[in-house]
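Participant: Next up is a structure, given as structure tokens.
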Amino acid sequence: TPPNEEGVIVIDMAVAEESIQQRAVLYDREGDYHFDTISAFIKSLRGSDPDAALYWLAKMVYAGEDPRFIFRRMLISAAEDIGLADPQAIVVVQAAAEAFEHVGLPEGQFHLALAALYLATAPKSNSTMGYFDAFEMVRRQREEAVPTHLRDASRDKEGFGHGEGYLYPHAYRDHWVAQQYLPTSLQGKVFYQPSDQGYERLIREQVERRREEQLAAMVEGPSSIEGLTYSPADPAQERWLMRAISGVARGLAQVRDRLFEGLDIRRHHLVLDLNAASGLITWEAVRRVPEGGVWALVRDETAAQALREQAERLDVLHRPIILQGELASLPTLLRERGDEAVRFDIILGRNSLTQVADKPVALQMLYEWMASGGALRLAEAVPRLGQRLYALFTEGVPPHLAERWREAEEAIYAAPEDAMVNWGPEDLRRMLEGVGFQGVSVQVDVMATEVLITASHITRWFTRGSQGRPSYGDHLGRFLGREEIEEIRRLFEQYLLGRTASWQSAVAYVQARRP
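Residue numbers (the working numbering): 2 to 516.
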């Protein structure tokens, strides 16, 4: 700046601003106007109003606000308000901020505007707020132990089994495997809810399906593989270990996908899930019929309440209707709701008929509640074709016991009074055709799954049964003496305890339609 006629160099506001390439602040940075203006700017970005965003940005720049402060707030907004709806948002803002450092003012206003416009026009999601739900959970809860299989295997692996049972996701299809990552007491807790915007819209279904697979495996545990359940389920920890080794979640996902494979299901269809349980089939149906409706039948109140709580994340119009009761009570439950005129376009079921005593009566009832041309899809475990425990042994069984054991166990599957085992795939076909269904197809898939034989398995098999169903040992006791049964138990403990075994299970996939 040259001196004036009197030789004095005058530094006024314009000179100062030019020298520092920054306008002098025309309002108090600690005052209300400062905070109100940045608030208006951020809310305009969040509200996807690019015109208002540019106005408030210009207001701040003209007033001399520090551009670095503005970029800092936009970096926060990129993570808080845009998030994974557009993961590139934070990259764009960071790049603009770095470019500004090289360019400065006044040209740096282009980079401010670019970042602001990107944020204002980007799809929005605040799903990162789920972190603060997790933080609050950690703050309120007692200390939770890291699950053993997630612990550092480089320390204490020999003494405490750290890292044992961990499944390496990259070794599995799609680089994913169902596995416990949360502490046991938090299993099923949801912190992250993908939005239906931008990138999250692309990943939302995958996230939900994997979450549903994990939840279904956690809830159902070994019973989904064993076929015959002889007594109450295992404790949570062992149930999860069983799931991790056996791949229950993958098997459940295959059943779900098979039920929907090739199914002509329209957006407006009415769908009935006969055995919702954890909701594995229900939630898939909800995604398929956004303009229709889904009814989910659940056997017990606990499972029904769990489904209702999960449904609260959906809009009211998209929530499934939860019915609680046995299959035989379905007509009553529907009439009590005023749904007696409803006829279902699709009826789906997984293990919904396995334990039903009078299957023809149940199928007739389903036929009557189906719309003309409606489709029936079932996946029914066939215990008669399932794993025999005696067949797990390739050595060690004394000759005097082997044949008697085999005959005693085979008698379990030949009991005419037992609804779980007194039928096979061809019986199911005849029942369906007898009711009036057409296009009946019954295909049986026999699968072999690796199952870890635990002490809990052995205890469950040989402890006296409860809840009205005999244990495996109880069944054997009809043909074998107490000493023989104890000998069989010792064989399990000696040869199979702590080892994995190939476990055979069979599922009958049913397709039929009402004419």
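Where a beta carbon is used, it is the ideal one built from N, C-alpha and C, also for glycine.
Keep in mind it's a predicted model, so treat the numbers as computed, not measured.
1. Could you spell out the range, first to last residue, of the beta strand (DSSP E) harbouring residue 393?
2. Per the contact definition of three or more C-beta pairs closer than 8 Å, is the region 462-482 in contact with the region 204-218?
3. Classify residue 332: buried if its beta carbon has 16 or more other beta carbons within 10 angstroms, exposed otherwise.
4. With DSSP as the reference, identify every bridge partner of residue 76, one or two as the case may be.
5. Compare the Cα-Cα distances from residue 267 to each of 289, 282, 364, 277 and report the closest residue.
6. Ignoring anything shorter than 3 residues or poking outside the region 329-369, list the beta strand (DSSP E) runs there in chain order.
7. In whole angstroms, what separates the C-alpha of residue 550 from that of residue 372?
8. Take the Cβ of residue 329 as the centre, count every other Cβ of all protein chains shown within 10 Å, and call the residue buried at 16 or more, exposed below.
9. Cα-Cα, which of 324, 387, 85 is closest to residue 124?
10. So for residue 372, helix, strand or coil by DSSP?
11. Would you mind listing the alpha helix (DSSP H) stretches within the region 53-120 that are 4+ residues and don't spill past its ends, in chain order?
12. How would you write the range of the alpha helix (DSSP H) that residue 131 sits in, first residue to last?
13. Verify whether the separation of the beta carbon atoms of residue 42 and residue 58 is less than 7 Å.
14. With distances taken Cα to Cα, identify the nearest neighbour of residue 279 among 214, 196, 55.
15. Can you tell me where the beta strand (DSSP E) with residue 510 in it begins and where it stops?
16. Could you tell me if residue 247 is buried or exposed, where buried requires 16 or more neighbouring beta carbons within 10 angstroms of its beta carbon?
17. Considering just the uninterrupted stretch of the alpha helix (DSSP H) at residue 446, what are its terminal residues?
18. Which term fits residue 303, buried or exposed, when burial requires 16 or more other beta carbons within 10 angstroms of its beta carbon?
19. Identify, in the order they occur along the chain, each residue of the same chain with its Cβ nearer than 8 Å to the Cβ of residue 402, setting aside the five sequence neighbours on each side.
20. Per DSSP, residue 1 is paired with what?
21. Compare the beta carbon distance of residue 517 and residue 492 with 7 Å and say whether it is the shorter of the two.
Facilitator: Inspection of the coordinates gives the following:
1. Residue 393 -> no beta strand (DSSP E), and no H or E assigned at all.
2. no
3. exposed
4. Answer is none; residue 76 lacks a bridge partner.
5. 289
6. 345-351
7. Since the displayed the chain opens at 2 and closes at 516, residue 550 lies outside it and no answer follows.
8. exposed
9. Among 324, 387, 85, the Cα nearest to that of residue 124 is on 85.
10. strand
11. Counting whole runs of 4 or more residues, the region 53-120 contains the alpha helix (DSSP H) stretches 68-78, 89-104.
12. 131-141
13. yes
14. 214
15. Start and end: 501-514.
16. Low local confidence applies: a pLDDT of 44 at residue 247 is under 50, so the model's placement there is unreliable, and no value is given.
17. Note, residue 446: premise wrong, no alpha helix (DSSP H); beta strand (DSSP E) at 439-453.
18. exposed
19. 485, 488, 489
20. A question about residue 1 goes unanswered here, because the residues of the chain that appear run from 2 up to 516.
21. With the chain covering 2 to 516 only, the question about residue 517 has no answer from this structure.
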